[in-house]
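In the numbering used here, the protein residues as written are 7 to 137.
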């Protein structure tokens, strides 16, 4: 008999993994030490303040999603609700705004669904938004 295990993953895990992954890519490793982000490392208070400051100043996230793809935004909002000063970020609720950390729904006017039924309009919308 085969046993199937189900894991329920909190949006916090996804958020922390995404943010730390982005920060790791934008930040040189300290003395070659690896940065591990997984289900065992979810204490967001351990993220150095300078990493958060650097992410806010360097990263520009364009997030286009359908109604079922809101985990990133929900996680960022949850962090901001936890500590509004430490996890503060600028955001647009719809469309592309230059200089904003998180542009939510940034390409949706060009591509309303991300690949549904083979629709690849999101590729062109992404290229236009990044240009």
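We treat Cβ as the ideally placed atom computed from N, Cα and C, and that holds for glycine. Quick caveat: nothing in here was measured; it's all calculated off a predicted structure.
DSSP state of residue i mapped onto helix, strand, coil
| i | result |
| --- | --- |
| residue 39 | coil |
Span of the beta strand (DSSP E) around residue i
| i | result |
| --- | --- |
| residue 108 | 108-110 |
Rounded distance between the beta-carbons of residue j and residue i, thought under 8 Å
| i | j | result |
| --- | --- | --- |
| residue 108 | residue 94 | At roughly 11 Å, the Cβ-Cβ gap does not stay under 8 Å, so residue 108 and residue 94 are not in contact. |
Where residue i falls, given that 16 or more other Cβ within 10 Å makes a residue buried
| i | result |
| --- | --- |
| residue 125 | exposed |
| residue 79 | buried |
| said: So within the stretch 53-93, which uninterrupted beta strand (DSSP E) runs reach at least 3 residues, ignoring any that extend past its ends? | reply: 67-69, all fully within the stretch 53-93.
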